[in-house]
Amino acid sequence: GLDAAGKTTLLYKLKLGEVVTTIPTIFNVETVEYKNISFTVWDVGGQTIIRPLWRHYYVNTQGLIFVVDSNDPERIKEASEELHTLLQEDELKGVAVLVFANKQDLPRAMLVSDIIEALSL
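Residue numbers (full-length UniProt numbering): 1 to 121.
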């Protein structure tokens, strides 16, 4: 997802079970264990300048979690463009995709149905 969508916060909530304070990310990698399943999560920064590096992480990807900031309607079109660019990559063909509508607890958060429409899903 884009920068400030909450990717790193989500990763550490999964890993540690708690919310941690984060700073803008270039890259994190963690092994997460959940219900007897162990998986490696690559958390890549969403800043515009870093996005071209995403392609280095496509090989052997089995699943993709694309995190959307539900509270940032001004950038939903940009998020949609990035998601659809990812989905056109040959290395990601057939990969399971989860779009995570983050920050739904905030009062101005977009409805999930509006996010689905905006992302053309």
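Ideal Cβ positions, reconstructed from N, Cα and C, are used throughout, including at glycine.
Here's the rule: buried if 16 or more other CB atoms are within 10 angstroms of the residue's CB, otherwise exposed. What is residue i?
| i | result |
| --- | --- |
| A96 | exposed |
| V68 | buried |
| I115 | buried |
Cβ of residue i within 7 Å of Cβ of residue j?
| i | j | result |
| --- | --- | --- |
| I65 | F100 | yes |
| N71 | L16 | no |
| E91 | V59 | yes |
| T8 | T25 | yes |
Between the alpha carbons of residue i and residue j, how many angstroms are there, rounded?
| i | j | result |
| --- | --- | --- |
| V20 | I37 | 23 Å |
| residue 129 | T48 | The structure shown does not extend to residue 129, since the chain spans only 1 to 121, so no value can be given for it. |
| V41 | A4 | 18 Å |
| N102 | T22 | 15 Å |
| G6 | V32 | 17 Å |
| E30 | T61 | 14 Å |
| S113 | L98 | 15 Å |
| P52 | K13 | 26 Å |
| E74 | L83 | 16 Å |
| Y34 | I50 | 29 Å |
Can you check which of these residues, the options, is closest to residue i by C-alpha distance?
| i | options | result |
| --- | --- | --- |
| S120 | T85, L92 and R108 | T85 |
| G1 | E91, G94, R108 and I76 | I76 |
| A79 | G46, K35, F39 and L11 | G46 |
| W54 | F39, Y34 and L87 | L87 |
Within a Cβ cutoff of 6 Å, which residues of the same chain sit near residue i, ignoring the five residues on either side of it in sequence?
| i | result |
| --- | --- |
| A109 | S70, N71 and K103 |
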